[in-house]
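Asks: Encoded as structure tokens, here's the structure I'll be asking about.
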Amino acid sequence: MSPHEVCMLIGHDGEVLWCDESNSPARMPDSRSRWQAIWRLREVLEEVAHSHPDGPLGFSTEDESTMSALTSALGKPLRFSVVAPEGMVSRQGDRDVLVVEEPWWAEALRSASGIRHTPSGLA
Ligand SMILES: [Zn+2]
Numbered sequence: 003m004s005p006h007e008v009c010m011l012i013g014h015d016g017e018v019l020w021c022d023e024s025n026s027p028a029r030m031p032d033s034r035s036r037w038q039a040i041w042r043l044r045e046v047l048e049e050v051a052h053s054h055p056d057g058p059l060g061f062s063t064e065d066e067s068t069m070s071a072l073t074s075a076l077g078k079p080l081r082f083s084v085v086a087p088e089g090m091v092s093r094q095g096d097r098d099v100l101v102v103e104e105p106w107w108a109e110a111l112r113s114a115s116g117i118r119h120t121p122s123g124l125a
């Protein structure tokens, strides 16, 4: 399996509500089925996470426009995060914070994305 971006919709207590993947390592095209899932799950949706199998550990310009579109469409604050090989970043308010204690699904997102290695320092 070659590395590719995967998107997960996360609900309360880290429940994975929905998941889809692209066939590209660098770019996740806007997907109609993802928008429909987000809308259907909007009452329970708390976090939108996706992977950057080749990095960077941060949000892309494309991610920024997707995030602002989602926030205004849903009319409620969502948490956004990016999982890269070397770690995980989460947007909290208007700051990007390195997540030290990763949720359980971060490693599942890595393996679904075809990322083989885990962050250094984590057993
Ligand atoms: Zn991205």
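In this note's numbering, the protein residues as written are 3 to 125. We put the CB at the ideal spot given by N, CA and C, even for glycine.
#1: Is residue 50 near ligand 1 - that is, is its Cβ less than 7 Å away from at least one heavy atom of it?
#2: With a threshold of 16 other CB atoms inside 10 Å of the CB of residue 49, please say whether the residue is buried or exposed.
#3: Which one of 87, 34, 56, 45 has the shortest CA to CA distance from residue 153?
#4: Flag residue 133 as yes when its Cβ comes closer than 7 Å to any non-hydrogen atom of ligand 1, and as no otherwise.
#5: Quick one: is the Cβ of residue 65 within less than 7 Å of any heavy atom of ligand 1?
Replies: So, to answer that:
#1: For this step, residue 50 is matched to residue 48 along the sequence shown. Because no heavy atom of ligand 1 lies under 7 Å away, the Cβ of residue 50 does not count as near it: no.
#2: Stepping through the sequence shown from its first residue, residue 49 is reached at position 47. With 16 or more other CB atoms across the displayed protein chains lying within 10 angstroms of its CB, residue 49 is buried.
#3: Look at the range of the chain in this structure, 3 to 125, and you will see that residue 153 is not part of it.
#4: Residue 133 is absent from the model: the chain starts at 3 and stops at 125.
#5: For the purposes of this step, residue 65 is identified with residue 63 of the sequence shown, where counting begins at 1. The answer is yes for residue 65.
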